[in-house]
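Residues in the sequence shown are numbered consecutively from 1270, following this note's numbering. Please read the structure below before turning to the comments.
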Amino acid sequence: MENSESPMFPLDTSSENRIHEGYGKKFIGLTKREYFAGLAMQGLLASMRGFDATTDFVSHLNNTAIKYADELLKQLEPK
């Protein structure tokens, strides 16, 4: 399992709603990539004044947040 797909706040569960597998167990919740992208999105939106919520802009904002998350995960990989 890649670091980006490992759970951010893992909870071991035996329910039928298991969606992530890793470290020999199954987990539910956000992946690190999803969590970091959400934090990046929050920061990007907080730093903007009067943003334009057009489809193109929102798509660009989403892609930027994901790029920040991917770069952070890349830097956190063991060398």
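Yeah, the Cβ is synthetic: ideal placement off N, Cα and C, and Gly gets one too.
Check: residue i C-beta below 8 Å from any heavy atom of the ligand GDP
i	result
N1272	For the ligand GDP, the structure offers nothing, since it holds no ligand at all.
Three-state secondary structure assigned by DSSP to residue i
i	result
M1277	coil
T1323	coil
E1346	coil
Short Cβ contact (9 Å threshold) for residue i with residue j
i	j	result
A1309	T1333	yes
S1273	L1330	no
Cβ shell of residue i (< 7 Å), same chain only, five flanking positions each side left out
i	result
A1338	R1302, F1305, A1306, A1309
Q1344	none
Q1311	none
Cβ separation of residue i and residue j, assumed to be a contact under 8 Å, to the nearest whole Å
i	j	result
T1300	S1328	With a Cβ gap of about 21 Å, T1300 and S1328 do not count as contacting.
G1298	F1278	6 Å
Contact set for residue i: own chain, Cβ-Cβ below 6 Å, skip 5 residues either direction
i	result
I1335	A1306
K1348	none
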